[in-house]
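What follows is a single structure, written as C-alpha coordinates, with notes after it.
Residue numbers (the numbering used here): 18 to 228.
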(Lines of atoms letter the chains of each structure in order from A; the text may use other names.)
(Lines give C-alpha, C1' and ligand atoms only; values in the text may rest on other atoms or scores of the structure.)
Protein backbone atom coordinates (compact mmCIF):
# COMPACT_ATOMS: atom_id res chain seq x y z
CA UNK A 18 0.00 0.00 0.00
CA UNK A 19 2.91 2.34 0.61
CA UNK A 20 3.75 2.33 -3.08
CA UNK A 21 0.39 1.89 -4.70
CA UNK A 22 -2.03 -0.78 -3.59
CA UNK A 23 -3.28 -2.89 -0.70
CA UNK A 24 -4.59 -6.43 -0.53
CA UNK A 25 -6.09 -8.09 2.50
CA UNK A 26 -4.40 -11.40 1.65
CA UNK A 27 -0.90 -11.80 0.23
CA UNK A 28 -0.94 -12.83 -3.41
CA UNK A 29 -4.58 -11.84 -3.91
CA UNK A 30 -5.92 -9.03 -6.07
CA UNK A 31 -5.75 -5.59 -4.48
CA UNK A 32 -8.89 -4.41 -2.70
CA UNK A 33 -8.27 -0.92 -4.02
CA UNK A 34 -5.57 1.10 -5.72
CA UNK A 35 -4.47 4.48 -4.34
CA UNK A 36 -1.44 6.17 -5.88
CA UNK A 37 0.64 7.73 -3.12
CA UNK A 38 0.60 11.04 -5.00
CA UNK A 39 -3.18 11.25 -4.41
CA UNK A 40 -3.01 10.97 -0.62
CA UNK A 41 -3.87 14.28 1.07
CA UNK A 42 -4.11 13.14 4.70
CA UNK A 43 -3.66 10.10 6.92
CA UNK A 44 -5.37 10.29 10.31
CA UNK A 45 -6.83 8.20 13.11
CA UNK A 46 -10.53 7.36 13.07
CA UNK A 47 -12.73 7.52 16.16
CA UNK A 48 -13.65 4.11 17.52
CA UNK A 49 -17.35 5.00 17.61
CA UNK A 50 -17.43 5.43 13.82
CA UNK A 51 -17.72 1.68 13.19
CA UNK A 52 -17.43 0.43 16.79
CA UNK A 53 -13.97 -0.90 16.04
CA UNK A 54 -10.58 -0.19 17.54
CA UNK A 55 -7.27 0.65 15.85
CA UNK A 56 -8.90 2.30 12.83
CA UNK A 57 -7.29 4.95 10.64
CA UNK A 58 -8.20 6.66 7.39
CA UNK A 59 -6.34 7.40 4.18
CA UNK A 60 -7.91 10.46 2.59
CA UNK A 61 -7.46 10.83 -1.16
CA UNK A 62 -9.39 12.24 -4.14
CA UNK A 63 -12.46 10.11 -3.52
CA UNK A 64 -14.04 8.82 -0.32
CA UNK A 65 -11.66 8.08 2.59
CA UNK A 66 -10.30 4.56 2.83
CA UNK A 67 -10.97 3.22 6.32
CA UNK A 68 -8.51 0.60 7.56
CA UNK A 69 -8.37 -1.46 10.74
CA UNK A 70 -4.92 -2.41 11.98
CA UNK A 71 -4.13 -5.42 14.15
CA UNK A 72 -3.18 -3.22 17.10
CA UNK A 73 -2.51 0.39 18.05
CA UNK A 74 1.22 0.10 17.37
CA UNK A 75 0.63 -1.12 13.82
CA UNK A 76 -1.94 1.63 13.24
CA UNK A 77 0.49 4.32 14.39
CA UNK A 78 3.24 2.87 12.20
CA UNK A 79 0.99 2.96 9.12
CA UNK A 80 -0.06 6.53 9.87
CA UNK A 81 3.54 7.66 10.33
CA UNK A 82 4.88 5.93 7.21
CA UNK A 83 2.06 6.99 4.90
CA UNK A 84 2.17 10.54 6.25
CA UNK A 85 5.90 10.73 5.57
CA UNK A 86 5.76 9.40 2.00
CA UNK A 87 2.86 11.72 1.12
CA UNK A 88 3.91 14.82 3.07
CA UNK A 89 5.05 16.71 -0.04
CA UNK A 90 1.92 15.95 -2.06
CA UNK A 91 0.06 18.95 -3.46
CA UNK A 92 -3.31 19.69 -1.88
CA UNK A 93 -2.49 18.33 1.57
CA UNK A 94 -5.43 18.92 3.92
CA UNK A 95 -5.17 21.11 7.01
CA UNK A 96 -8.40 19.73 8.54
CA UNK A 97 -10.21 16.39 8.51
CA UNK A 98 -13.25 14.60 9.94
CA UNK A 99 -12.18 12.24 12.76
CA UNK A 100 -15.32 10.16 12.31
CA UNK A 101 -17.36 8.76 9.40
CA UNK A 102 -20.17 10.10 7.23
CA UNK A 103 -23.18 7.91 7.96
CA UNK A 104 -26.94 8.30 7.53
CA UNK A 105 -26.63 11.71 5.89
CA UNK A 106 -24.27 13.45 8.31
CA UNK A 107 -20.78 13.42 9.78
CA UNK A 108 -20.82 11.71 13.18
CA UNK A 109 -18.18 14.09 14.52
CA UNK A 110 -19.64 17.52 13.70
CA UNK A 111 -23.17 16.62 12.49
CA UNK A 112 -22.59 18.50 9.20
CA UNK A 113 -24.98 17.18 6.55
CA UNK A 114 -22.80 17.87 3.50
CA UNK A 115 -20.39 15.06 2.70
CA UNK A 116 -18.05 17.62 1.11
CA UNK A 117 -18.00 19.77 4.26
CA UNK A 118 -14.38 20.70 5.20
CA UNK A 119 -12.94 18.85 8.17
CA UNK A 120 -13.82 19.88 11.70
CA UNK A 121 -10.48 19.02 13.29
CA UNK A 122 -6.90 20.13 12.44
CA UNK A 123 -4.71 17.46 10.87
CA UNK A 124 -2.23 16.20 13.44
CA UNK A 125 0.36 15.08 10.91
CA UNK A 126 0.52 18.28 8.84
CA UNK A 127 4.17 19.12 8.11
CA UNK A 128 5.67 22.18 6.46
CA UNK A 129 7.12 21.16 3.11
CA UNK A 130 9.82 23.80 3.22
CA UNK A 131 11.36 22.67 6.51
CA UNK A 132 15.08 22.09 6.03
CA UNK A 133 16.34 19.24 8.16
CA UNK A 134 19.93 19.52 9.35
CA UNK A 135 21.04 15.96 8.61
CA UNK A 136 24.61 14.88 8.04
CA UNK A 137 23.95 12.21 5.39
CA UNK A 138 27.53 10.88 5.41
CA UNK A 139 27.45 10.48 9.17
CA UNK A 140 24.06 8.74 9.10
CA UNK A 141 25.21 6.33 6.37
CA UNK A 142 28.36 5.57 8.36
CA UNK A 143 26.23 4.91 11.43
CA UNK A 144 24.07 2.44 9.50
CA UNK A 145 27.20 0.76 8.14
CA UNK A 146 28.57 0.44 11.69
CA UNK A 147 25.34 -1.19 12.88
CA UNK A 148 25.49 -3.79 10.10
CA UNK A 149 29.22 -4.36 10.62
CA UNK A 150 28.84 -4.94 14.35
CA UNK A 151 26.07 -7.48 13.67
CA UNK A 152 27.82 -9.24 10.79
CA UNK A 153 27.88 -12.56 12.65
CA UNK A 154 24.11 -12.39 13.10
CA UNK A 155 23.67 -11.79 9.39
CA UNK A 156 25.89 -14.80 8.69
CA UNK A 157 23.77 -16.91 10.98
CA UNK A 158 20.53 -15.76 9.36
CA UNK A 159 21.82 -16.27 5.85
CA UNK A 160 22.92 -19.82 6.58
CA UNK A 161 25.60 -19.47 3.94
CA UNK A 162 28.55 -20.49 6.08
CA UNK A 163 29.16 -24.15 6.86
CA UNK A 164 26.23 -26.46 7.47
CA UNK A 165 23.36 -24.34 6.07
CA UNK A 166 21.48 -24.99 9.29
CA UNK A 167 20.58 -21.48 10.36
CA UNK A 168 17.48 -19.30 10.09
CA UNK A 169 16.33 -18.68 6.51
CA UNK A 170 18.34 -21.34 4.75
CA UNK A 171 17.15 -24.15 6.98
CA UNK A 172 13.53 -23.14 6.46
CA UNK A 173 13.20 -22.25 2.79
CA UNK A 174 16.38 -22.79 0.78
CA UNK A 175 18.12 -25.78 2.31
CA UNK A 176 16.74 -28.95 0.66
CA UNK A 177 18.40 -31.52 2.91
CA UNK A 178 17.09 -33.00 6.18
CA UNK A 179 15.09 -30.44 8.13
CA UNK A 180 16.78 -29.03 11.20
CA UNK A 181 15.30 -28.78 14.66
CA UNK A 182 13.36 -25.64 15.54
CA UNK A 183 15.95 -24.45 18.06
CA UNK A 184 18.49 -23.93 15.25
CA UNK A 185 16.67 -20.81 14.12
CA UNK A 186 14.31 -20.05 17.01
CA UNK A 187 16.25 -16.88 17.80
CA UNK A 188 14.69 -15.20 14.77
CA UNK A 189 11.09 -14.42 13.87
CA UNK A 190 10.90 -14.87 10.11
CA UNK A 191 7.58 -14.32 8.34
CA UNK A 192 8.79 -14.91 4.77
CA UNK A 193 11.90 -17.16 4.92
CA UNK A 194 12.68 -17.15 1.20
CA UNK A 195 12.52 -13.36 0.80
CA UNK A 196 14.36 -12.88 4.09
CA UNK A 197 17.16 -15.14 2.89
CA UNK A 198 17.63 -13.19 -0.35
CA UNK A 199 17.39 -9.84 1.45
CA UNK A 200 20.02 -10.79 4.03
CA UNK A 201 22.20 -12.19 1.26
CA UNK A 202 22.00 -8.88 -0.65
CA UNK A 203 22.79 -6.89 2.51
CA UNK A 204 25.84 -9.02 3.21
CA UNK A 205 27.14 -8.61 -0.34
CA UNK A 206 26.88 -4.83 -0.11
CA UNK A 207 28.41 -4.92 3.37
CA UNK A 208 31.40 -6.93 2.13
CA UNK A 209 31.96 -4.45 -0.71
CA UNK A 210 31.82 -1.51 1.69
CA UNK A 211 34.19 -3.22 4.11
CA UNK A 212 36.70 -3.79 1.29
CA UNK A 213 36.35 -0.14 0.32
CA UNK A 214 36.98 0.93 3.93
CA UNK A 215 40.09 -1.25 4.14
CA UNK A 216 41.43 0.22 0.89
CA UNK A 217 40.89 3.78 2.13
CA UNK A 218 42.56 3.07 5.49
CA UNK A 219 45.52 1.46 3.71
CA UNK A 220 45.82 4.49 1.44
CA UNK A 221 45.76 6.88 4.39
CA UNK A 222 48.35 4.79 6.28
CA UNK A 223 50.63 4.74 3.23
CA UNK A 224 50.44 8.52 2.94
CA UNK A 225 51.32 9.00 6.59
CA UNK A 226 54.17 6.50 6.28
CA UNK A 227 55.64 8.33 3.29
CA UNK A 228 55.87 11.48 5.35
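The C-beta atom is built at its ideal place from N, Cα and C for all residues, glycine as well.
Just so you know, these numbers come straight off a predicted model, no measurement behind them.
Which of helix, strand or coil DSSP assigns to residue i
| i | result |
| --- | --- |
| residue 34 | strand |
| residue 97 | strand |
| residue 162 | Bear in mind that the predicted position of residue 162 carries a pLDDT of just 41, short of 50, making it unreliable; the figure below should be weighed with that in mind. Residue 162: coil per DSSP, three-state reduction. |
| residue 140 | helix |
| residue 74 | helix |
| residue 58 | strand |
| residue 68 | strand |
| residue 216 | helix |
| residue 206 | helix |
| residue 43 | strand |
| residue 149 | helix |
| residue 115 | coil |
| residue 91 | coil |
| residue 154 | helix |
DSSP bridge partner residues for residue i (one or two, in chain order)
| i | result |
| --- | --- |
| residue 48 | DSSP, once it has assigned bridges, lists no residue as partnering residue 48. |
| residue 121 | 97 |
| residue 106 | 103 |
Nearest-angstrom Cβ-Cβ length linking residue i and residue j, presumed shorter than 8 Å
| i | j | result |
| --- | --- | --- |
| residue 9 | residue 64 | No information on residue 9 is available, as it lies outside the stretch 18 to 228 that the chain covers here. |
| residue 35 | residue 61 | 5 Å |
| residue 94 | residue 123 | 6 Å |
| residue 152 | residue 207 | 7 Å |
| residue 59 | residue 68 | 7 Å |
Are three or more beta carbon pairs between the region 47-55 and the region 98-115 nearer than 8 Å?
With contact defined as three or more Cβ pairs closer than 8 Å, the region 47-55 and the region 98-115 are in contact.
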